[in-house]
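All remarks here apply to the structure that follows.
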Amino acid sequence: MTALPVFESLSVRDYALFPGNPAGEGLEVTFEPGLTLVLGANGLGKTTLVTLLYRMCSGPFDIPGLSTGGVLGDRSVEARPLSRPDRRLFAVRVADDAATAAATLVMRLGSARLQVSRALASLDVTDLRVDNEVVEPSETTYQQFVREFAELSSFGDWILMLRHLVFYFEDRRALVWDPSAQRQILRLLFANPAVGAEWVGREREILEQDSRMRNLQAAVSREETTLARGEAAVGDIDEVRAELAVLEQLQGVDEPKLQALDDQVVGSDAARHDARLAALQAEVDRESAFRDLERHQLRAIDAAFPTTSDTARYLLGQLFTDGECLACGSTAPKAAGFFRSRLEGSQCVICGTRVQSESLGPFSGRAITKATHAVQVTDERLAATQVERANAEAAYDAVVRNIAELNASVASRRARIETLVARLPPDEGALHAQRRELAALAGRVEVMKRQLAERRAEFAVFIRSVNRALSRRKEEIKGSFEAFAEGFLLEECELSWAPHRARVGQGGELFSFPAFELKMGAAGFPSPVRRTGPQQVSESQREFIDLAFRMTLMSVASSTPGATLVIDAPESSLDAVFVSRAAEVLTRFASPESDNRLVITSNLIEGDLIPSLIRRAKIRGAADERIVDLLKLAAPTAATQELKSEYQAVRRALFARASAKRK
Amino acid sequence: MSGVGIDAATRDARRRIRIVAILDGAERAGITPLPLLQLHTIAYFADALAPVWDLRILDAQLLKRRAGPMSPVLQAEVDRLVGRGVLIPSSVRHVLDDAEWRLEACYRLNLELADPILSAANSFEFQAKHLAFVREVVYSVSSLGASGIDTASTSDASYGSVMVDTGGLVDIEGDAGEPNETARVALRFGELMQSDISLTDSEMVHLYVRELYNRMTRVA
C-alpha cells in the first residue's frame, strides 16, 4: 500500500508572474479538504501554477520522455536530472530570471508532514522540514523522505504516481488504455516496496543482459561477414569460398527477417487473443438471443400442446426458432410453417386434434419480433467474428510457421558454414586467429542466451506470484470504478482484469503483467464491449473514464486517508445535462470527509460546471480562500488589463449563477 | 491438440461422442439426469485434463462465466442429440442467468439408441481410450457431489485462475508444447510420487479432482 500526497499549502514569493495581492506579498494557497478552484483567463498562468506545483514535488528530476505522450512502453522508469534549460522553465518566463523567486509546498505523505522550499530559478531545495523539524536541505534527502513516507521503491515511482494519478496533464495518455503504464502504477500502488524493487531490478537485469547479448550477437554477425569476405579473398576463389560468400549473404538477409518476425508474433498473438474473445462473446450473445426467442416460442407451444413431453417441446422450440429439424438436421421452413399453423389453429401439432388453449399471442407479438431481430443481429455478428477469428488464427499460424522455417534454415545454413570454414586451408594464419576469436565470441553469446533464459524463467515465477497477490484487489478496484463511472456515464461501464502479455527486452517469452481493460455498453450489443483504445469511446467519455480510473486507484490504494487530484475543468466535453452529474462525482471525490484535495483549474467561461462545483462546495463568493483568483493574484496580461471590466462581469456572472442555483 | 484445422463436421461429431461418453459415465456414476451446467463443467474438465491421457482437446478456448463453463457450440450438439432421440431431456426451462438467457434442462441417455453408438466407439482403440478417459473424469468429478460439480471450475487451475476475469478468455491449449495449468498440476502429482511408485493416467485425474475438492473446502 502506498501513501498518496495530500497538498496542504503552497506559497510563491518574488515571482513576477504571481505578484499576489496589491501589497505584492506573493501567492498563498491553502488546500483545505475538498475543492480548491483556480480561476483565470488566457495567459494568467494556470498551467504555470500547476507545473509549479508539480515541480515542487518532482524537483529537478523526471522520467525522460514521459511528457511526450504516447504509451509508457518499455521505457526506463528511473528518474533522471533535468537538463539545464528544463530546470530554468520558471526563470525564462520572467524578466528578472526569477533570481530571488522561491516557493514552499507543504504536503502530507502518510503520517508525515513534508515541507519543501525551492528556488524557482534552479529548482534546488533551499529548505526542507519533516514534521516541522529542519533537515538537510538537499535533493537526496528530499527524495529519500518521499520514498520512505510514500512507501515507494524508487523516486521514479513517485514521478509515475504524480504524472499518472495526481496531475492531469494535457499530454497524458489515459492510464486505462496504457497497459504498460498500468503495470507500473499497479506495481507501485499495490506491491510492497521490497517486492516492487525486486520486480524493477529483475526486469532491469533482463533488459540489460538482453541488450548486451544482442550487441554481442550483432558483433558476431559482423565478424562472420568480415571473416567470410576475408576467406573468399584469400587465394583462388574455389567452390567452398564461393558457397561461403553466398551463404553469409543469405544469413545476412534472414537474421534481421527473423528478428522482425519475432516482433510480429507478439502483435499476432494479441490480435488472435482479441479475435478469439470477440468470437466467443458473439457465440454467447447469440446463444442468449436464441434461447430468448426459443423461450417466447415455447410459451406458445406450452399454451397449445396437449402433453408435457420435454422432447417434443425441445424439438418444436428449435424448429420454430432456428428452422432446424433436430431429428435429421435439415432446415425445414415448410414443416415449421405447417406446425405453427396448427398451433395457431389451436390444434395438437402431431395429430391435429383440436385442443383448448390460451391465446397464442407470443407468435405474432412485438416481443417475438424483437427477439427474432436480436437473433439475426447476433447471427451476423457471430459470422463476422468467426471470419475474423479464422483470419487471426491463420495470420498467427503463418507467422509462427515462418519463424520455424526461417529458424530451421538459419540453423542448417550455420552448420553448413561451419563445415565449409573447417574445410578451408589451415595455413591461413590470420584468418585462423579470426575464426578462433569468432568461435569464442559465439560461445559467449550462447552462454549469455542461456543465462538470459534462466533469468526469464525466474522472472516468470516471480511475476506469477506478484500477479496472484495483486489480483486479490481486483474486485475492490472494479467495484470502486463502477461507482465512479456510473456517476459520469449512463452507459454500462466496467473494468475487467485482463493481464497484458508483453516481453521484457526484444526476445524471449511473453509475460503476463497486471492490467485492467475497459468494457462499455454499446448500441446493438447485448453485453458490454471491450474498448481497447481511446479512439473507441467519445471524447467526453474518454476524459471521464480516465478520471474515474484515477479516482478508483487513489481510493483503493491509499494506505492513509486523503489524496490530491489536480485537473483542468473538463467543461468543454460536457453537455448541459451531464454537467451536474460530473459535478456530483467530483464533489463526492472531494468530500471533506474523504480528506481528499481536488484542485481544479478553469478559465472564466460560460458553462455550468464551475458554478455547480462552487455551489456544491458551499463556496459563498470570490473572496472564499478556496478560490485562487488569478485575475487578482497573477500579473495581468494585455487582455485582462484592457478588458478588465468585461472579465469582472464574467466573474460576477459566474458566482451569480452559482448563487442562483443554490437558491 | 486443439483440433484447429479439422473440418467443422468432424469437430461436431467429436463433440457428440464426447457428450454421449459423459452421459454414459454419468449413468454409471448414478448422477443422471445430468443438469446442463454440470454437463458443460464435466465437458470442460474432460478437455482440460485431456493432455494427461495424451488425448485431444475439443474446445481449447472458452469464455469465463460466473456460473461456470458453458459452450454454445457444445450445447448445439446436445440439442441435435436430443433431436435424434439419443438424449432425453427433462425439466426444460429458460432462465435468465447473469443477463443472458440460457436453457436449463437435465439430460440422460436413451440407451436404446445410445448403446449402439457406444459399442461402435468401443470397437476402435482410440475411441475406446477416449470413452475410458471421459468415464474416469465423470467418476472423479461425480465424487464432488452436485453442488461440488457446480462450483468445481472456480477452483480449477485454468478456469479459476486469478489471471482470468469473468468475461475473459480461458485458454487451455497450453503454451509452446507445454500442457495447460490444469493438466500440468495433474501431471505434477505423477512427478511428485516416489520414483518406485508410478501413477496411472486415471490416478492422476482422480488426484487432481481430489486436490480440487481440498481447494474448494479450503475456500468454503
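Protein chains in written order, with the working numbering: chain A, 25 to 687; chain B, 5 to 224.
Where a beta carbon is used, it is the ideal one built from N, C-alpha and C, also for glycine.
Nothing here was measured: the structure is a model prediction, and the numbers come from that model.
query = Taking buried to mean at least 16 other C-beta atoms within 10 Å of its own C-beta, is C375 of chain A buried or exposed?
reply = exposed
ask   = Based on Cα-Cα distance, which residue from A:R492, A:V62, A:P280, A:P558 lies nearest to L34 of chain A?
value = A:V62
query = Does the separation of the CB atoms of S536 of chain A and M167 of chain B fall below 8 Å?
reply = yes
request  = For the alpha helix (DSSP H) containing N415 of chain A, list its first residue and its last residue.
outcome  = 390–446
query = Just reading off the alpha helix (DSSP H) that E77 of chain B is part of, what are its end residues?
reply = At residue 77 of chain B the sequence reads Val, which differs from the Glu that was named. Per DSSP, V77 of chain B belongs to the alpha helix (DSSP H) from 76–87.
inquiry  = Using a Cβ distance threshold of 8 Å, determine whether the region 172–182 of chain A contacts the region 58–78 of chain A, with at least three qualifying pairs required.
reply    = no
key: Selection of the region 174–188 of chain B by Cβ proximity to chain A, strictly under 7 Å   = none
query = Does C349 of chain A have its Cβ less than 8 Å from a Cβ in chain B?
reply = yes
query = Checking contacts by CB at 8 Å: is E71 of chain B closer than that to chain A?
reply = Sequence check: residue 71 of chain B is Ala here, not Glu. A71 of chain B does not count as touching chain A.
query = Hey, A109 of chain B and V90 of chain B are a contact pair by Cβ (cut 8 Å); roughly how many whole angstroms apart?
reply = In fact, because the Cβ distance is near 14 Å, the residues do not count as touching under 8 Å.
ask   = Start and end of the alpha helix (DSSP H) containing S157 of chain B?
value = 149–159
message = Measuring alpha carbon to alpha carbon, tell me which residue in A:D599, A:Y671, A:L271 is nearest G434 of chain A.
response = Inspection of the sequence shows that residue 434 of chain A is occupied by Val rather than by Gly. Measuring from the Cα of V434 of chain A, the nearest candidate turns out to be A:L271.
ask   = What does I92 of chain B touch in chain A if you count any residue whose Cβ is under 9 Å from its own?
value = D334, T335
inquiry  = From the DSSP secondary-structure annotation, give me the bridge partner or partners of I624 of chain A.
reply    = A:L61, A:I591
query = Mind checking if L66 of chain B is an interface residue toward chain A, Cβ cutoff 8 Å exclusive?
reply = yes
request  = Taking a Cβ distance cut-off of 8 Å, strictly less, list which residues of the region 94–120 of chain B are near chain A, in chain order.
outcome  = S94, S95, V96, H98, A103, E104, W105, R106, L107, A109
ask   = Which bits of chain B does R315 of chain A rub up against, with CB to CB less than 7 Å?
value = H98, W105, R106, L107
Cβ distance (whole Å) where T664 of chain A is taken to contact L68 of chain A below 8 Å = 7 Å
message = Quick check on G529 of chain A - is its C-beta less than 8 Å from some C-beta in chain B?
response = no
key: Cβ-Cβ distance between T576 of chain A and V190 of chain A below 8 Å   = no
message = Is there a Cβ of chain A sitting closer than 8 Å to that of G164 of chain B, yes or no?
response = no
key: Nearest-angstrom Cα separation, counted from G172 of chain B out to E630 of chain A   = 44 Å
message = Per the DSSP calculation, K543 of chain A is bridged to which residue(s)?
response = A:E518, A:R554
task = Could you say which of A:D110, A:A662, A:I651, A:R207 lies nearest to L678 of chain A if we only look at CA atoms?
result = A:I651
task = Indicate the three-state DSSP secondary structure (helix, strand or coil) for F42 of chain A in the structure shown.
result = coil
V485 of chain A versus V528 of chain A - alpha carbon distance = 14 Å
message = The beta strand (DSSP E) that contains E510 of chain A, what's its start and end?
response = Premise fails: E510 of chain A lies in the alpha helix (DSSP H), 498–512, not in any beta strand (DSSP E).
ask   = What does R310 of chain A touch in chain B if you count any residue whose Cβ is under 8 Å from its own?
value = P76
task = Reducing DSSP to helix, strand and coil, say where A136 of chain A ends up.
result = strand
query = Using the beta-carbon of each residue, which ones in chain B are nearer than 7 Å to L301 of chain A?
reply = L173
query = At what residue ranges does the region 85–111 of chain B contain a whole run of the beta strand (DSSP E), taking only runs of 3 or more?
reply = 91–101
inquiry  = Please tell me whether L519 of chain A and L542 of chain A are closer than 8 Å, where the distance is taken between their beta carbons.
reply    = yes
query = Out of A:Q560, A:S82, A:L144, A:Q400, which has the shortest C-alpha to C-alpha gap to A123 of chain A?
reply = A:L144
task = For S141 of chain A, name the three-state secondary structure that DSSP assigns.
result = strand
query = With respect to the alpha helix (DSSP H) encompassing H524 of chain A, which residues constitute its N-terminal and C-terminal limits?
reply = Note, H524 of chain A: premise wrong, no alpha helix (DSSP H); beta strand (DSSP E) at 524–526.
key: Selected residue, minimal CA-CA separation from R112 of chain B, among B:I61, B:D175, B:L85   = B:L85
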